[in-house]
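Asker:
Protein chains: 2
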Amino acid sequence: MKLEHLLLGVLGMRPSTGYDLKKFFDTSGRYLRSNTQMSQVYRVLHRMADQGWVTYDVEPRQGAQDAKTYRVTPEGMTVFLDWLTGPYLPPFRARDPEFTARLSFCGFMTEEQLLRIVDAELAARRDQLIQLHDHERTIVSEAGYSFDVELAVAVTGRLAEWGSDDVERHIQRLERLREDILAGRLRNQA
Amino acid sequence: MKLEHLLLGVLGMRPSTGYDLKKFFDTSGRYLRSNTQMSQVYRVLHRMADQGWVTYDVEPRQGAQDAKTYRVTPEGMTVFLDWLTGPYLPPFRARDPEFTARLSFCGFMTEEQLLRIVDAELAARRDQLIQLHDHERTIVSEAGYSFDVELAVAVTGRLAEWGSDDVERHIQRLERLREDILAGRLRNQA
DNA sequence: GCGACCCATTCCACTAGTGCCATGGTCCTG
DNA sequence: CAGGACCATGGCACTAGTGGAATGGGTCGC
Numbered sequence: 042m043k044l045e046h047l048l049l050g051v052l053g054m055r056p057s058t059g060y061d062l063k064k065f066f067d068t069s070g071r072y073l074r075s076n077t078q079m080s081q082v083y084r085v086l087h088r089m090a091d092q093g094w095v096t097y098d099v100e101p102r103q104g105a106q107d108a109k110t111y112r113v114t115p116e117g118m119t120v121f122l123d124w125l126t127g128p129y130l131p132p133f134r135a136r137d138p139e140f141t142a143r144l145s146f147c148g149f150m151t152e153e154q155l156l157r158i159v160d161a162e163l164a165a166r167r168d169q170l171i172q173l174h175d176h177e178r179t180i181v182s183e184a185g186y187s188f189d190v191e192l193a194v195a196v197t198g199r200l201a202e203w204g205s206d207d208v209e210r211h212i213q214r215l216e217r218l219r220e221d222i223l224a225g226r227l228r229n230q231a
Numbered sequence: 042m043k044l045e046h047l048l049l050g051v052l053g054m055r056p057s058t059g060y061d062l063k064k065f066f067d068t069s070g071r072y073l074r075s076n077t078q079m080s081q082v083y084r085v086l087h088r089m090a091d092q093g094w095v096t097y098d099v100e101p102r103q104g105a106q107d108a109k110t111y112r113v114t115p116e117g118m119t120v121f122l123d124w125l126t127g128p129y130l131p132p133f134r135a136r137d138p139e140f141t142a143r144l145s146f147c148g149f150m151t152e153e154q155l156l157r158i159v160d161a162e163l164a165a166r167r168d169q170l171i172q173l174h175d176h177e178r179t180i181v182s183e184a185g186y187s188f189d190v191e192l193a194v195a196v197t198g199r200l201a202e203w204g205s206d207d208v209e210r211h212i213q214r215l216e217r218l219r220e221d222i223l224a225g226r227l228r229n230q231a
C-alpha cells in the first residue's frame, strides 16, 4: 500500500495542503499509516503533480511560503480507482492495513466491488485458519545463550492462541459485513 | 523493528543458513515479518558479519555454492539484548508486530523485563482507548468525484467499531498475561 | 529421464521511507 | 514579551526494502 494511493484517496474526498495530509495521517488516518514524515508527503505530492495526478491552487501568504491546496485530476482518479478496485491480494498477515485501507475508501466503490474485496479477504483468512491448526512449533535454544525455554513456550503459546482467535473473529466480522451488504442493511441507518 | 534484530533473535535460538532464515520468515515467522526477500536477508547477514555480530561456518558443497551456517557472536547478542530489553515505545497501531516480535523472543528475557514491556504496552493501549472514544469523524466528499457517502459512513463506522473492540480485547489479554506472569502461572504448564 | 521443487548464495537496479533540519509566518497564553 | 503550538513548505543524507534474476547443484516421483 503506497502512500501515493492513500494521498489520492484522501485528496479525492477533500482537497488539502501537504500539511493537512500529514496531520490526517497523524490523527484520524493513523490506522492507515503511522509515522508519516512531512518530507515523504511533500516528495510524493511533487512527483504526483509532475505526473499530472494532482494539481494545486496557490494561496499566497505574504512573507512565508505559499500554501498549496492539492486536488486530484481525472487522471489521478483513474490511477487511484485502478488500485482501489483492481485485484486485491490479501496480505499474509491479517492485521496489516491493506484491507482496512481499501475499506476506508469504499465510498469510491460500488457495492459489487466492495463485495469482491470482502470475499477475497474472507477466502484468504479461511485458508489461513486451516493452516494455523496443522502447524506445530517447537522452541529449542541451541546456541548457548541464556534462554528461558519454559517462559518462551508459555508466551509463544499464548501468542499463537491470540493469533488464531483474531483470525476467527475477523472471519466472523467479514461474514456479518458480507450479509449486511447483500441485504442492503448498510443503507438508512445511523 | 529491523530485520537485523529479528535475524539475531532467530539465530540466537538456532544457528541457520540464510536460506533457513528466509524460510522461517515465510512460514512460522510470517507474523513477525512478511514478504521477506532473499536478497535482504543475505545483505543484512553480510553487514552483520562485517560488524562482527555474527560468524559462520562454511560447509563446502562441491560444484554448488558453499552453505554458510550463521551464529550470533557475544557482541551480536549484546546488540540484540540492547534492543530487546531496551526501552519499548509502543507503536501507534496496536496491530503492528513490534510487541509480538519482542514477546516471541521472551526466552532471552527475565520475567521482570517481560513485565516492563507488557506494562508499557498496556499503558499505551489504555490511553488509546480513551482517545478513540472522544474522536468524531465526519465523511464528506467535496471533490466532485462519484462518492457513495452512505456506504462510506456505514463501513467506516464498522471499521471504527472493530478497531476499538480490538483494542479492548488486547487490553484484556494483556491484563490476563500480566497476572499470570506475576502469579507464576506460566510455569509448569502444557 | 525430465520436470518440479528444494537447497543455497549472490548481484543489480530501483523505490520508498526515515530522521532531521531550516525557513518564516500567525496566534495564544501566562 | 517570550515561548510554544500551529501552519506550511522544502532540502539533504541516509537506510531499508523490493523485485527479479543468475548460478548450480540435489532429490523425488511418475
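If you read the sequences in order, they're chains A and B.
When you line the first sequence up against this note's numbering, it's residues 42 to 231, in that order.
When you line the second sequence up against this note's numbering, it's residues 42 to 231, in that order.
For glycine and all other residues, C-beta sits at the position ideal for the given N, C-alpha and C.
1. Taking C-beta pairs closer than 7 Å, name the residues in chain B that alanine 193(A) reaches, listed in chain order.
2. Can you name the residues of chain A whose CB is closer than 8 Å to the CB of serine 75(B)?
3. Thinking just about the alpha-carbon of each residue, which of Gly185(A), Arg157(A), Thr126(A) and Gln81(A) is nearest to the one in arginine 219(A)?
4. Buried or exposed, going by whether 16 or more other CB atoms sit within 10 Å of the CB of arginine 228(B)?
5. Using a Cβ-Cβ distance under 8 Å, would tyrosine 186(B) count as near chain A?
6. In this structure, does DSSP put alanine 231(B) in helix, strand or coil?
7. Rounded to whole angstroms, what is the Cα-Cα separation between glycine 185(B) and leucine 52(A)?
8. Please confirm if tryptophan 94(B) has its CB atom under 8 Å from at least one CB of chain A.
9. The beta strand (DSSP E) with threonine 126(A) in it runs from where to where?
10. Which residues bound the beta strand (DSSP E) around glutamate 183(B)?
11. Rank Val159(A), Gly93(A), Met54(A) and Thr68(A) by C-alpha distance to the C-alpha of proline 248(A) and give the top, closest one.
12. Is there a Cβ from chain B that is less than 8 Å from the Cβ of arginine 219(A)?
13. If we count the other Cβ atoms within 10 Å of its Cβ and call it buried at 16 or more, is glutamine 169(A) buried or exposed?
14. For a contact meaning CB atoms closer than 8 Å, what does threonine 141(A) contact in chain B?
15. According to the neighbour-count rule (16 or more other Cβ atoms, all chains shown, within 10 Å of its Cβ), is serine 145(B) buried or exposed?
16. For leucine 73(B) and alanine 142(B), which I take to be in contact (beta-carbon distance under 8 Å), what is that distance rounded to the nearest angstrom?
17. For valine 181(A), return the contacting residues in chain B, with the cut-off set at a CB-CB distance below 8 Å.
18. If we cut at 8 Å on Cβ distances, does valine 51(B) have a partner in chain A?
19. Just to confirm, are tryptophan 94(A) and histidine 46(A) a CB contact at a threshold of 8 Å?
20. Give me the DSSP bridge partner(s) of glutamate 100(B).
21. Answer yes or no: do cysteine 147(B) and valine 196(A) have a C-beta to C-beta separation smaller than 8 Å?
22. First and last residue of the alpha helix (DSSP H) that includes threonine 141(A)?
23. Name the two residues that bound the continuous alpha helix (DSSP H) containing leucine 218(A).
Answerer: Short version:
1. Reading the first sequence from its first residue, position 152 is the one you call residue 193(A). By Cβ distance, chain B contributes Cys147 and Gly148.
2. Position 34 of the second sequence, counting from 1, holds the residue named residue 75(B). Ordered by position in chain A, the residues that pass the 8 Å Cβ test against serine 75(B) are Pro132, Phe133, Arg134 and Asp137.
3. Position 178 of the first sequence, counting from 1, holds the residue named residue 219(A). Nearest C-alpha to arginine 219(A): Arg157(A).
4. Taking the first residue of the second sequence as 1, we reach residue 228(B) at position 187. Sixteen is the threshold: since fewer than 16 other Cβ atoms of the shown chains lie within 10 Å of the Cβ of arginine 228(B), the residue is exposed.
5. By one-based count along the second sequence, residue 186(B) stands at place 145. Closer than 8 Å: yes.
6. Here residue 231(B) is taken as the residue at index 190 of the second sequence, counted from 1. Residue confidence for alanine 231(B) is low, a pLDDT of 47 falling below 50, so the modelled location carries little weight; the figure read from the coordinates is stated next. The answer is coil: DSSP assigns alanine 231(B) none of H, G, I, E or B.
7. Position 144 of the second sequence, counted from the start, is the residue given in the question as residue 185(B). Position 11 of the first sequence, counted from the start, is the residue given in the question as residue 52(A). The C-alpha of glycine 185(B) lies about 11 Å from the C-alpha of leucine 52(A).
8. Within the second sequence, numbered from 1, the residue matching residue 94(B) stands at position 53. Judged by the 8 Å Cβ criterion, tryptophan 94(B) is not in contact with chain A.
9. Taking the first residue of the first sequence as 1, we reach residue 126(A) at position 85. No beta strand (DSSP E) holds threonine 126(A); the alpha helix (DSSP H) holding it covers 115-126.
10. The residue you call residue 183(B) lines up with position 142 of the second sequence. Going by DSSP, glutamate 183(B) is part of no beta strand (DSSP E) at all; its letter is neither H nor E.
11. Outside the shown range of chain A (42 to 231) lies residue 248(A), about which nothing can therefore be said.
12. Here residue 219(A) refers to the residue found at position 178 of the first sequence. For arginine 219(A), no Cβ of chain B is located within less than 8 Å of the residue's own Cβ.
13. The sequence position of residue 169(A) within the first sequence is 128, counting from 1. Answer is buried; the Cβ neighbour count reaches 16.
14. As a first step, residue 141(A) must be located in the first sequence, where it is residue number 100. Result: Leu200.
15. Taking the first residue of the second sequence as 1, we reach residue 145(B) at position 104. Buried, by the Cβ-count rule.
16. Position 32 of the second sequence holds residue 73(B). Position 101 of the second sequence holds residue 142(B). Confirmed, about 5 Å.
17. In the first sequence, residue 181(A) corresponds to position 140, counting from 1. By Cβ distance, chain B contributes Met54 and Arg55.
18. As a working note, residue 51(B) is residue 10 in the second sequence. No, because no Cβ of chain A sits closer than 8 Å to the Cβ of valine 51(B).
19. The residue given as residue 94(A) occupies position 53 in the first sequence. The residue given as residue 46(A) occupies position 5 in the first sequence. Going by C-beta atoms, tryptophan 94(A) is not nearer than 8 Å to histidine 46(A).
20. Reading the second sequence from its first residue, position 59 is the one you call residue 100(B). In the DSSP output, where bridge partners are listed per residue, glutamate 100(B) has Ala108(B).
21. Within the second sequence, the letter at position 106 stands for residue 147(B). Within the first sequence, the letter at position 155 stands for residue 196(A). Taking a C-beta distance under 8 Å as the contact criterion, cysteine 147(B) and valine 196(A) qualify as a contact pair.
22. The count along the first sequence starts at 1 and reaches residue 141(A) at position 100. Start and end: 139-145.
23. If you number the first sequence from 1, residue 218(A) lands on position 177. Residues 190-223.
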